[in-house]
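Chains as they are written, first to last, in my numbering: chain A, 1 to 293; chain B, 1 to 81.
Here's the structure, in structure tokens; my notes come after.
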């Protein structure tokens, strides 16, 4: 069962990837994979003072994720939940149970579950769906000369391969940890949890390290997700377009690698990174709540 | 043989290659060690397989992320500087 699904996915990947370089070659220009990650206004431009509110590629992926999650959730729940679940209900229940047991209960103290489990589950589902749809070729490339009507070529892109998106998600978690900490210990008490028991002379150093590690969480959370997705997409695009990068047919040897990376990233990395992000958010929030004194 | 191009481009390309390659050494050892230990543990206590796999993949994600930090710095040097 699983094997036949995997085989179908592999076949789809081969077809999609074999087609990618052909389109790029048809463009007859230099093929530069890094251009795929430039965010230019895609649909319409809108700037309010210093803020650029244009609808670009990343925004479209974010909106797409939101629509999939909202419509999917409403459709499954409104469609009537059954004792003998349908496939869609099964999937939703599996996702819920996984988030509940592996992320929520594994990291949060029991009294934080009602408040913060929804946040963690939302993070998990949002990033997971975002990553999963990012491996489907959509008309999002920066070039537009294959399809009529100015529709862009098929390309791979992920909103999570944009540091702005992941940094915002990390900032939410960062904010949440401090809100939780202040609520649980009071402002003064929370500051005191940053000062561990140590001999007086070493204390300043330890406090510095503690504060630094709080800020580095922001960096490590955002960069882990961003770099994973960026490197994954770049590898796939480069390997698939290696014929053009090298300029001879010999480059076709890279296409199996592209298929391999594509399946590997889709099956393993997409879900895993979402899981890690939500899990670490939970660990940080739980720690801020029950910080050792 | 006369060389074309400028030395800054060469340095950028070298930086990308070196940072990625050197940055992959440590995590490579780490991931190998991680899965080796998991195999050992599962051989010792096969009934803990599911639980151990979960922890292993958490460790995998944390370890391999280090490769990407190096790769990212390479990209910064190559594309942004």
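We treat Cβ as the ideally placed atom computed from N, Cα and C, and that holds for glycine.
Quick caveat: nothing in here was measured; it's all calculated off a predicted structure.
{"Check": "Quick one: residues in its chain with C-beta nearer than 6 Å to the C-beta of residue 293 of chain A, no 5 flanking neighbours on either side, listed in chain order?", "Outcome": "With a pLDDT of 49 at residue 293 of chain A, under the threshold of 50, the modelled position of that residue is not reliable, and no figure is offered here."}
{"Check": "Taking contact to mean 3 or more Cβ pairs, one atom from each stretch, closer than 8 Å, check whether the segment 150–163 of chain A and the segment 204–221 of chain A are in contact.", "Outcome": "no"}
{"Check": "Note down, one range per segment and in chain order, each alpha helix (DSSP H) of at least 4 residues found wholly within the segment 78–129 of chain A.", "Outcome": "87–98"}
{"Check": "For residue 33 of chain B, would you say it is in contact with chain A, using Cβ-to-Cβ distances shorter than 8 Å as the test?", "Outcome": "no"}
{"Check": "What do you reckon, are the CB atoms on residue 227 of chain A and residue 58 of chain B nearer than 8 Å?", "Outcome": "no"}
{"Check": "Taking only beta-carbon atoms, is residue 22 of chain B less than 8 Å away from chain A?", "Outcome": "no"}
{"Check": "Interface residues of chain A around residue 72 of chain B at Cβ under 7 Å?", "Outcome": "223, 227"}
{"Check": "In whole angstroms, what is the alpha-carbon distance linking residue 90 of chain A and residue 83 of chain A?", "Outcome": "11 Å"}
{"Check": "Between residue 13 of chain B and chain A, is there a C-beta pair that is closer than 8 Å?", "Outcome": "no"}
{"Check": "Quick one: list the residues of chain B neighbouring residue 34 of chain A, beta-carbon separation under 8 Å, in chain order.", "Outcome": "79"}
{"Check": "Whole angstroms are fine: how far does the CA of residue 199 of chain A sit from the CA of residue 231 of chain A?", "Outcome": "44 Å"}
{"Check": "For residue 52 of chain B versus residue 38 of chain B, is the C-beta distance shorter than 8 Å?", "Outcome": "yes"}
{"Check": "For a cutoff of 8 Å on Cβ pairs, would you count residue 58 of chain B as touching chain A?", "Outcome": "yes"}
{"Check": "Quick one: list the residues of chain B neighbouring residue 279 of chain A, beta-carbon separation under 8 Å, in chain order.", "Outcome": "58"}
{"Check": "Could you say which of A:196, A:184, A:93 lies nearest to residue 81 of chain A if we only look at CA atoms?", "Outcome": "A:93"}
{"Check": "Can you pull the chain A residues whose beta carbon is under 8 Å from the beta carbon of residue 54 of chain B, in chain order?", "Outcome": "102"}
{"Check": "Can you list the residues of chain B that residue 272 of chain A reaches, using a CB-CB cut of under 8 Å?", "Outcome": "57, 60, 61"}
{"Check": "Taking 8 Å as the threshold (beta carbon to beta carbon), is residue 293 of chain A in contact with chain B?", "Outcome": "Bear in mind that the predicted position of residue 293 of chain A carries a pLDDT of just 49, short of 50, making it unreliable; the figure below should be weighed with that in mind. Answer no: the Cβ-Cβ gap between residue 293 of chain A and chain B never drops below 8 Å."}
{"Check": "Flag residue 43 of chain B as yes if its beta-carbon sits less than 8 Å from any beta-carbon of chain A, otherwise no.", "Outcome": "no"}
{"Check": "Examine chain B for any beta-carbon lying closer than 8 Å to the beta-carbon of residue 231 of chain A, and answer yes or no.", "Outcome": "yes"}
{"Check": "Please classify residue 141 of chain A as buried or exposed, where buried requires at least 16 neighbouring CB atoms within 10 angstroms.", "Outcome": "buried"}
{"Check": "Compare the C-beta of residue 237 of chain A with all C-beta atoms of chain B and state if any pair is closer than 8 Å.", "Outcome": "no"}
{"Check": "Taking contact to mean at least 3 C-beta pairs separated by less than 8 Å, is the segment 96–116 of chain A in contact with the segment 244–253 of chain A?", "Outcome": "no"}
{"Check": "Who are the neighbours of residue 215 of chain A on chain B, taking C-beta pairs under 9 Å?", "Outcome": "Neighbours of residue 215 of chain A on chain B: none; closest Cβ ~16 Å, over 9 Å."}
{"Check": "Taking only the alpha-carbon atoms, compute the straight-line gap between residue 181 of chain A and residue 98 of chain A and give it to the nearest angstrom.", "Outcome": "26 Å"}
{"Check": "State yes or no: is the C-beta of residue 79 of chain B within less than 8 Å of the C-beta of residue 224 of chain A?", "Outcome": "no"}
{"Check": "Taking 8 Å as the limit between beta carbons, can you name the residues of its chain near residue 12 of chain B, skipping five residues before and five after?", "Outcome": "77, 78, 81"}
{"Check": "For residue 276 of chain A, go through chain B and note every residue whose CB falls closer than 7 Å to its CB, in chain order.", "Outcome": "58, 61"}
{"Check": "Could you pull the DSSP bridge partners for residue 155 of chain A from this structure?", "Outcome": "A:138"}
{"Check": "What's the gap between the Cα of residue 116 of chain A and the Cα of residue 37 of chain A?", "Outcome": "33 Å"}
{"Check": "Kindly list the residues whose CB is nearer than 6 Å to the CB of residue 229 of chain A, restricted to its own chain and excluding five residues on each side of it in sequence; keep chain order.", "Outcome": "158, 160, 161"}
{"Check": "Identify, in the order they occur along the chain, each residue of the same chain with its Cβ nearer than 7 Å to the Cβ of residue 26 of chain B, setting aside the five sequence neighbours on each side.", "Outcome": "66"}
{"Check": "Distance check for residue 203 of chain A and residue 136 of chain A, CA to CA, integer angstroms please.", "Outcome": "52 Å"}
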